[in-house]
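Just so you know, the sequence shown maps onto residues 328 to 446 in my numbering. Glycine included, C-beta positions come from ideal geometry on N, C-alpha and C.
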Amino acid sequence: MSTIGLMRVGPPEHLRGVHRLTLGEAMEWVFFMSSMFWPRLFIAGFFIFDHELLLHRAFTSWVVPLLGFLLLPWTTFSYAWMWANASDGVIGREWVVVAVALFLDLVTYAVAHALLRRR
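Printed below as a string of structure tokens:
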């Protein structure tokens with residue numbers, strides 16, 4: 328801490344180097360954590376509670392939903408949802424929903440990169 332005459336300038340010694348979380352950073356963390364949690368919960372719900380095996384019909388192998396669960400959860404969820412929506416396939420405008428989900432996955436990774444870079 329430096330001084331100017333009799334007045335001290337700057338944070339106290341015990342608070343130097345401590346990074347306080349701003350409201351914007353807290354909201355970024357909330358977005359990141361919820362974007363990682365909710366689609367995985369929905370995919371697990373499809374796997375556990377779906378008696379018609381929607382994930383099995385939408386994807387030909389168990390590897391693709393597993394990789395989607397780990398890497399692109401919003402895209403995997405929206406593809407399975409659009410597959411079962413009307414016609415056992417992703418047709419026409421339903422691809423827009425899948426593209427928006429892919430964009431949301433990419434935004435989630437960009438937010439994670441920005442948050443980890445600041446730390």
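Check your understanding: Under a three-way DSSP split, which group does residue 449 fall into?
Key -> Because the chain in this structure spans residues 328 to 446, residue 449 falls outside the shown range and cannot be described.
Review point. What does a CB cutoff of less than 8 Å around residue 427 pick up in its chain, not counting 5 residues either side in sequence?
Key: Same-chain partners within the cutoff: 405.
Check your understanding: Out of 418, 402 and 354, which has the shortest C-alpha to C-alpha gap to residue 442?
Key -> 354
Review point. What number of angstroms, rounded off, separates the C-alpha of residue 411 from the C-alpha of residue 358?
Key: 27 Å
Practice item. Drop a sphere of 10 angstroms on the beta-carbon of residue 382, count the other beta-carbons inside from all chains shown, and report buried for 16 or more, exposed for fewer. Key: buried
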